[in-house]
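Q:
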Amino acid sequence: MTRLPLVKLLLGVAAILPYAKSANSKPTPVVLWHGMGDSCCNPDSMGQVKQTLVEELPGVYVHSIMIGKSEDEDRKASYFDQINRQVQQVCEQLKSDSNLKDGFNAIGFSQGGQFLRAYVERCNDPPMHNLITFGSQHAGVSEWPGCRDRNDFSCSLARSLLLRGAYLSWVQSRVVQAQYYKDAKNYETYLVKNIFLPDINNEREYKNSTYATNLKSLKKFVMLMFEDDDMVVPKQSAWFGYWNEEGIVVPLREQPLYKEDWLGLKEMDKANKLVFDTIPGRHMQIELAYLRDEIIPKYLGGERRLVFQVDPAWK
Numbered sequence: 206m207t208r209l210p211l212v213k214l215l216l217g218v219a220a221i222l223p224y225a226k227s228a229n230s231k232p233t234p235v236v237l238w239h240g241m242g243d244s245c246c247n248p249d250s251m252g253q254v255k256q257t258l259v260e261e262l263p264g265v266y267v268h269s270i271m272i273g274k275s276e277d278e279d280r281k282a283s284y285f286d287q288i289n290r291q292v293q294q295v296c297e298q299l300k301s302d303s304n305l306k307d308g309f310n311a312i313g314f315s316q317g318g319q320f321l322r323a324y325v326e327r328c329n330d331p332p333m334h335n336l337i338t339f340g341s342q343h344a345g346v347s348e349w350p351g352c353r354d355r356n357d358f359s360c361s362l363a364r365s366l367l368l369r370g371a372y373l374s375w376v377q378s379r380v381v382q383a384q385y386y387k388d389a390k391n392y393e394t395y396l397v398k399n400i401f402l403p404d405i406n407n408e409r410e411y412k413n414s415t416y417a418t419n420l421k422s423l424k425k426f427v428m429l430m431f432e433d434d435d436m437v438v439p440k441q442s443a444w445f446g447y448w449n450e451e452g453i454v455v456p457l458r459e460q461p462l463y464k465e466d467w468l469g470l471k472e473m474d475k476a477n478k479l480v481f482d483t484i485p486g487r488h489m490q491i492e493l494a495y496l497r498d499e500i501i502p503k504y505l506g507g508e509r510r511l512v513f514q515v516d517p518a519w520k
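So the sequence shown is residues 206 to 520, counted in this note's numbering.
1) Return the Cβ separation of Y463 and K471 in integer angstroms, given the expectation that the two are a contact with Cβ distance under 8 Å.
2) Closest by CA to Q386, which one among G345, P331, K231, S442?
3) Is P331 closer than 7 Å to S305 when the C-beta atoms are compared?
4) Can you find at least 3 beta carbon pairs, one from the stretch 284 to 291 and one from the stretch 410 to 418, that sit closer than 8 Å?
5) Which residue comes first and which comes last in the alpha helix (DSSP H) that contains K398?
6) Apply the 10 Å Cβ neighbour rule to W448 and answer buried if 16 or more other Cβ atoms are within range, or exposed otherwise.
7) Could you tell me which uninterrupted alpha helix (DSSP H) segments, each at least 4 residues in length, are contained entirely in the stretch 459 to 486, listed from first to last along the chain?
8) At 4 residues or longer, what runs of the alpha helix (DSSP H) sit wholly inside the stretch 277 to 314?
9) Measuring only between beta-carbons, confirm whether Q253 sits less than 7 Å from chain C.
10) Report the residue from S442, G452, A282 whose alpha carbon sits nearest the alpha carbon of R458.
11) With C-beta atoms as the reference, is H268 less than 7 Å away from V236?
12) Closest by CA to L321, which one among G273, H343, D302?
13) Going by DSSP, which residues form a beta bridge with W349?
14) Thinking F426 and L336 are a contact (beta carbons under 8 Å), I'd like their distance in whole angstroms, please.
15) Using only alpha-carbon positions, find the residue among Q490, M428, T418, N399 that is nearest to Y372.
16) When the Cα of N477 is compared with those of L423, F401, A383, R327, which residue comes out closest?
17) Out of T233, E326, K281, E492, which one is the CA nearest neighbour of F358?
18) Helix, strand or coil for I500, going by three-state DSSP, please let me know.
19) Hey, how far is the Cα of G446 from the Cα of D277?
20) Given a cut-off of 7 Å, decide if P439 and V455 are closer than it, judged by their beta-carbon atoms.
21) Would you kindly work out how many angstroms separate the C-alpha atoms of G506 and Q293, rounded to a whole number?
22) Compare the Cα-Cα distances from Y266 to each of D243, A311, K274 and report the closest residue.
23) With DSSP as the reference, identify every bridge partner of N335, one or two as the case may be.
24) Can G252 and C246 be called in contact, C-beta distance under 7 Å?
25) Does the beta-carbon of P234 have 16 or more other beta-carbons within 10 angstroms, so that it is buried, or is it exposed?
26) Under a Cβ-count criterion, where at least 16 other Cβ atoms within 10 Å of its own Cβ denotes burial, should R409 be classed as buried or exposed?
27) Kindly indicate which residue of V259, K421, N406 has the alpha-carbon position closest to the one of P461.
28) Judging by CA-CA distance, which residue of W375, W444, A383, Y495 is the nearest neighbour of F481?
29) Please report the straight-line C-alpha distance between E450 and Q384, rounded to a whole angstrom.
30) Tell me whether G370 sits in a helix, a strand or coil according to DSSP, three-state version.
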């Protein structure tokens, strides 16, 4: 939900030896969707993520989603736009990319995570194999995201509009973050007024069976929650956890969403397709070493013979 800051480079001295692969084999492509205030190709965030993927998965094709015709338009669209329109654009964007025709893995950063999930549910052509989300707001947020950069006019404007009323139609149709805001004490209003999240979570009376069918086609759905996340409230939204009317966070497995299997998550859980994990640090404080050691080998096809621990003093 916030801009991915400078991804911290941890330079290890240990040699990493990849397994030998067939000369004809190519890694599964990877699609990235950035978070709020970021852009597809920011050299301090998505650019470093892409470079790490290319280094660890030689020959991999990486598609970093861009909304609009420039990085500036893309960044602004992370604040002001209709998510439903963006998801449809991405469906067309990925469909037209011949490099993805046989499927891909995907990583969603903050709000990009639930947007990629919407892609799976609504389109999934070409098919997504594994979905990895970092600090995403799968169950929504109850508070407005802060603006870490006080000079970021777009962020400040979006926040001021949200504070005027997230469910006002002109705010819903313009401010991205309003479209995954959920007031647990006014749940019925949320169901009626929110134009995005209730739909992709199958929370309304009509349940779209295609959403569940498509989501269940994933091999793995990996949900990562930042241990010290103070931007996503509640932070457990990264695992579909959310407040009840008494202000207590209810875990996914105790919700009707899971018990009645509105999205197929219960079936996926029993098939060991769901991964709930934590990552140290605050929101979007991701170290490249974590991608190299925990994400790429496990979920993106990277294989290693040796992985050395980095001296904690370097962190």
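The beta carbon of each residue, even a glycine, is placed where N, CA and C say it ideally should be.
A: Let's see:
1) In the sequence shown, counting from the first residue as 1, residue 463 sits at position 258. In the sequence shown, counting from the first residue as 1, residue 471 sits at position 266. Y463 to K471, Cβ: 5 Å. Contact.
2) What you label residue 386 is simply residue 181 of the sequence shown in a count that begins at 1. The sequence given here has Tyr at residue 386, not Gln. Among G345, P331, K231, S442, the Cα nearest to that of Y386 is on G345.
3) Counting from one through the sequence shown, the residue named residue 305 turns up at place 100. Counting from one through the sequence shown, the residue named residue 331 turns up at place 126. It is Leu, not Ser, that sits at residue 305 in the sequence shown. For L305 and P331, yes; Cβs fall inside 7 Å.
4) no
5) Here residue 398 refers to the residue found at position 193 when the sequence shown is read from its first residue. Where K398 is concerned, the enclosing alpha helix (DSSP H) stretches over 392 to 398.
6) The sequence position of residue 448 within the sequence shown is 243, counting from 1. Buried is the call here.
7) 461 to 464, 470 to 475
8) 288 to 300
9) Structure shown: chain C not included; a single protein chain is present.
10) As a first step, residue 458 must be located in the sequence shown, where it is residue number 253. Ranking S442, G452, A282 by Cα distance to R458 puts S442 first.
11) Within the sequence shown, numbered from 1, the residue matching residue 268 stands at position 63. Within the sequence shown, numbered from 1, the residue matching residue 236 stands at position 31. Closer than 7 Å, so yes.
12) Your numbering for residue 321 matches position 116 in the sequence shown. The candidate whose alpha carbon is nearest that of L321 is H343.
13) Counting from one through the sequence shown, the residue named residue 349 turns up at place 144. According to DSSP, W349 bridges with nothing at all.
14) The residue given as residue 426 occupies position 221 in the sequence shown. The residue given as residue 336 occupies position 131 in the sequence shown. Contact flag correct, Cβ pair sits at about 5 Å.
15) Taking the first residue of the sequence shown as 1, we reach residue 372 at position 167. Answer by Cα proximity: N399.
16) What you label residue 477 is simply residue 272 of the sequence shown in a count that begins at 1. Ranking the options by Cα distance to N477, first place goes to L423.
17) Numbered from its first residue, the sequence shown carries residue 358 at position 153. Residue K281 is the option with its Cα nearest to F358.
18) Numbered from 1 along the sequence shown, position 295 holds the residue referred to as residue 500. Three-state DSSP puts I500 in a helix.
19) The count along the sequence shown starts at 1 and reaches residue 446 at position 241. The count along the sequence shown starts at 1 and reaches residue 277 at position 72. Going from the Cα of G446 to the Cα of D277 covers about 33 Å.
20) Here residue 455 refers to the residue found at position 250 of the sequence shown. Here residue 439 refers to the residue found at position 234 of the sequence shown. No, these two residues do not count as a Cβ contact at 7 Å.
21) Taking the first residue of the sequence shown as 1, we reach residue 506 at position 301. Taking the first residue of the sequence shown as 1, we reach residue 293 at position 88. Whole-angstrom Cα-Cα distance: 28 Å.
22) In the sequence shown, residue 266 corresponds to position 61, counting from 1. The shortest C-alpha separation from Y266 is found at A311.
23) Working through the sequence shown from its first residue, we reach residue 335 at position 130. N335 pairs with K425.
24) Position 47 of the sequence shown, counted from the first residue, corresponds to residue 252. Position 41 of the sequence shown, counted from the first residue, corresponds to residue 246. Yes; because the gap between Cβ atoms is below 7 Å, this pair is in contact.
25) Position 29 of the sequence shown, counting from 1, holds the residue named residue 234. With 16 or more Cβ atoms within 10 Å of its Cβ, P234 is classed as buried.
26) Here residue 409 refers to the residue found at position 204 when the sequence shown is read from its first residue. The residue is exposed, with fewer than 16 neighbouring Cβ atoms inside 10 Å.
27) For the purposes of this step, residue 461 is identified with residue 256 of the sequence shown, where counting begins at 1. P461 has its Cα closest to that of N406, out of V259, K421, N406.
28) Indexing the sequence shown from 1 puts residue 481 at position 276. Selected option, being the one with the closest Cα: W444.
29) On the sequence shown, residue 450 is found 245 positions in, with the first residue counted as 1. On the sequence shown, residue 384 is found 179 positions in, with the first residue counted as 1. Cα-Cα distance, rounded: 20 Å.
30) Numbered from 1 along the sequence shown, position 165 holds the residue referred to as residue 370. Three-state DSSP puts G370 in coil, outside helix and strand.
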